[in-house]
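Chains as they are written, first to last, in full-length UniProt numbering: chain A, 1 to 509; chain B, 1 to 509. In this text, a Cβ means the ideal position worked out from N, Cα and C, and glycines have one as well.
In structure tokens:
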């Protein structure tokens, strides 16, 4: 029996429409085989550049319908979704530029040298696409981390067809985006089988186990991501699984920073932690603020700002329940106070809030470790540290994160060898991105970005945002003594494509 | 009770001396904690360069004793071990040069740009060391893939302390090499805890599970490597496991190549497959030769050469038993012939040999799949293919490999769009290194080298030989809006270390 896939309005909880049916094991098999069969059509870099640009155009052309549908399914609102669509098309165009640049191929050429002991043969290395990539869409970015998002864009840029497991929170948006991508494929003369969108939990499990799937990208929960990671590792032939599972995104506020601008930091924190109803992967979920007056002022400012934030609708009813349960469980812990209580709002909304706790509660393993786990939604925990020594001890207790943030006083930033440098050094092992005097929400799409970090922020050392995200879908190959006429263009002496290369140790750009 | 670790002479099977005792779980814990505690001493790139160069010097200074001990434990012979020592010190020096070059840090800098939508913050990315690395030594290279080998050299170059599980086939060599590395550390002012050598199977299992171990490198069997890979993936916080597990290294000989130089190819094959008594990771274990006269001539030439090869001693008695059993099991398969029978030689030696089988036996899954598995030692399988169509079908049946080799006729190499190009394209998905008209044994240590490949050749996309092996022990970090005074030197605007970088999209070398 076909299992229907419904689009649901999170503002009302009502079903909007039946969008599709869940994919069966044989649907998954057919999609992967079809993608595998046409993978060679993506070998030409010119057609990949054209595809990525056409995809941006198709998404833009259907923008009004995409935004309206995404808003109806996610309650994220038109302004946010307008920005997200721009970000999504921007990512596609940025990867087209990376393909044109060619630096991601990491070409290294060593000419034969008979004078060496032992003699060196001619060796030429570049990177080739892995094959069919499974993409697992996130709930919280129905465009930028979903069907047409960074995983899809980077995989297509690398030359890999994608089979995408849609997120159940926005199936209608997923279908529209998938159709736009397939129209783009057809427009540039590619078979539409290079992109397939599938629905259903079981389909997702089948997908990661399929022998012709070569790699997977995932953004979601620790629980779901870890199960898929384990399945990828347990295959007869294990495959790379690039998963972004969860992040607390700790923020450290120094004594001097709090003394200098407690109100500003409290207000900035309120804005960052409630952005998108607290559903960003980079939401600051734990803040280390000093005990004492400046820290009190920060807490007061945060409370004042949060009291003015309107309740918001979460992405789905299950998340709302998990949020309310998570808040409740944390609030009940010994010594935890809730100056502004997060919880149920009117209708299906939730209200933002925050908790406070003394640092000593978190120094040793125990029930308070729950506070070191991400709680998805508009809540954060302010941990009051007694002194620098306690702060350092607390930092050793954190799991891996996407981001870690340091708020410094104006003078501290100037002291190259002082406490600020030590704090930055203590934060670096905790995260993939380390910020100073800013907020982690809002992830710039740019070559130097890194959106990943120690587990559980990522199951690999990779990033899902920024130019280097393409590296995930490639593997190196070296050709030894291959006749020049048989070499790919990127490896020929005359470098007809103008690719950056390292030749006999010298870089040519 | 302490379990003794004995050095054994494979030529006689006699114990030479007790070298050490097996490490207990608490020994492993102590070694990892000590390494972790001193990891920051490797942060300075100058001291790492000095360390790698001092290590090469210390190994060279103790070269006579190292070679004599290694020969007594492995029976590989002085000429081979002299070459291997040179290769080992060469690797250490090459990684010193890579550290000095700095390109491996993959620095990307994007300056802030307020004119963009959304505005771009200042982002600066480079790579930081992962932490303590576990190294699992190989049996077949007691220096170059063992204690002072490529995994150790690349990990130290990256800034990671190492805890090394010695291979039981050469414990005395391992101790000598470990002592040389520790002397080098002390000479350049580093704590010797940056390198520890441990013995014992259980110690190896404990090591990969230790919470403070951040990554592992392994060269060895599919069975042992897969068990450690599984343990690394099953940890509460999974770690990267870079394992080289096994490789068949298929060779394709075209009709025209066989027609042109059958005798030369047969003789080259005999040399490559018996080098080091067939114990190279890159031994050509399966050769696809055409049916018909030129192929017959190739087989005859191989047989003639092999009949002249003296029996050799394998690395240990267990390997000898496995080799004899493997040969026996393969020889019994329907349709398999043994023109020169591999098997027992005088004393503890084994004689080289080869098998032949018709291609049709390997077209479908069945008991003949055993021929697609590596058999460690001096044996190869010549598969006679009927025509190009059958050859293409056979190639789809191969597992992943370190290498794949193509022997072409002189004219074929010139035909850019012909059958040769198609064959090269069919071999590329099978291996990390693709050779034309050469032999895969002898892996050049050079920036463009890639020693890895699809599973089981490697459990990751990485290489264990060549400059890019350093990438395995690093992860990217981006600093956002960090004050200039707090940035590491590699990320400062004036680039005091002269590191290659990509700044605002432009490469600076």
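Cβ distance (whole Å) where residue i is taken to contact residue j below 8 Å
| i | j | result |
| --- | --- | --- |
| residue 412/A | residue 419/A | 7 Å |
| residue 35/A | residue 132/A | 5 Å |
| residue 7/B | residue 16/B | 4 Å |
| residue 442/B | residue 118/A | 7 Å |
| residue 124/B | residue 491/B | 4 Å |
| residue 191/B | residue 185/B | 7 Å |
| residue 177/B | residue 363/B | With a Cβ gap of about 47 Å, residue 177/B and residue 363/B do not count as contacting. |
| residue 67/A | residue 81/A | 5 Å |
Coil, strand or helix - residue i by DSSP
| i | result |
| --- | --- |
| residue 446/A | coil |
| residue 355/A | strand |
| residue 217/A | strand |
| residue 473/B | helix |
| residue 415/A | coil |
| residue 518/B | Any question about residue 518/B goes unanswered here, given that chain B covers just 1 to 509. |
| residue 242/A | strand |
| residue 154/A | helix |
| residue 346/B | coil |
| residue 478/A | strand |
| residue 166/A | coil |
| residue 104/B | helix |
| residue 332/A | coil |
| residue 113/A | strand |
| residue 380/A | strand |
| residue 171/B | helix |
| residue 468/B | helix |
| residue 161/B | coil |
| residue 288/A | strand |
| residue 179/A | helix |
| residue 463/A | coil |
| residue 501/B | strand |
Residue nearest to residue i in terms of C-alpha spacing, selected from the options
| i | options | result |
| --- | --- | --- |
| residue 127/B | 135/B, 160/B, 120/B | 160/B |
| residue 440/B | 334/B, 335/B, 173/B, 402/B | 402/B |
| residue 318/A | 455/A, 486/A, 349/A | 349/A |
| residue 70/A | 146/A, 21/A, 26/A | 146/A |
| residue 32/B | 163/B, 96/B, 51/B | 163/B |
| residue 169/A | 196/A, 139/A, 184/A | 139/A |
| residue 76/A | 315/A, 464/A, 375/A | 315/A |
| residue 313/B | 307/B, 325/B, 352/B, 299/B | 352/B |
| residue 258/B | 447/B, 296/B, 224/B, 365/B | 296/B |
| residue 511/B | 89/B, 148/B, 392/B | The requested residue 511/B does not occur in the structure, where chain B is confined to residues 1 to 509. |
| residue 227/B | 205/B, 236/B, 213/B | 205/B |
| residue 431/A | 263/B, 166/B, 141/B, 129/B | 129/B |
| residue 73/B | 379/B, 355/B, 415/B, 174/B | 174/B |
| residue 48/A | 198/A, 309/A, 152/A, 20/A | 152/A |
| residue 231/B | 329/B, 261/B, 448/B, 134/B | 134/B |
| residue 57/A | 90/A, 328/A, 79/A | 90/A |
| residue 526/A | 38/B, 114/B, 196/B, 445/B | Residue 526/A is absent from the model: chain A starts at 1 and stops at 509. |
| residue 399/B | 211/A, 437/A, 465/A, 327/A | 211/A |
| residue 250/A | 372/A, 483/A, 167/A | 372/A |
| residue 30/A | 197/A, 460/A, 329/A | 197/A |
Those residues which DSSP pairs with residue i across a bridge
| i | result |
| --- | --- |
| residue 14/A | 9/A |
| residue 283/B | According to DSSP, residue 283/B bridges with nothing at all. |
| residue 312/A | 350/A |
| residue 547/B | Lying outside 1 to 509, the shown extent of chain B, residue 547/B is not represented and no answer is given. |
Contact list for residue i against chain E, beta-carbon separation under 7 Å
| i | result |
| --- | --- |
| residue 35/B | You won't find chain E in this structure, because its protein chains are A and B. |
Notebook entry, point to check: For the region 263-274 of chain B against the region 272-284 of chain A, are there 3 or more C-beta pairs whose distance is under 8 Å?
Noted result: no
Margin query: Across the region 475-482 of chain B and the region 11-23 of chain B, are there enough close Cβ pairs to call them in contact, namely three or more that are closer than 8 Å?
Written below: no
Margin query: Counting beta carbon pairs with one atom in the region 210-230 of chain A and one in the region 243-257 of chain A, are three or more of them shorter than 8 Å?
Written below: yes
Note to self: I want to know whether the region 348-362 of chain B touches the region 376-396 of chain B - three or more CB-CB distances under 8 Å.
What the structure shows: Result yes; three or more Cβ-Cβ pairs closer than 8 Å.
Next item on the list: Tell me, please, whether the region 100-115 of chain A touches the region 494-509 of chain A by the rule of three or more beta-carbon pairs shorter than 8 Å.
Entry: yes
Next item on the list: Could you tell me whether the region 389-404 of chain A touches the region 453-472 of chain A, where touching means 3 or more Cβ pairs closer than 8 Å?
Entry: yes
Next item on the list: Evaluate contact between the region 292-306 of chain B and the region 327-338 of chain B, counting only Cβ atoms and requiring at least three cross-stretch pairs below 8 Å.
Entry: no
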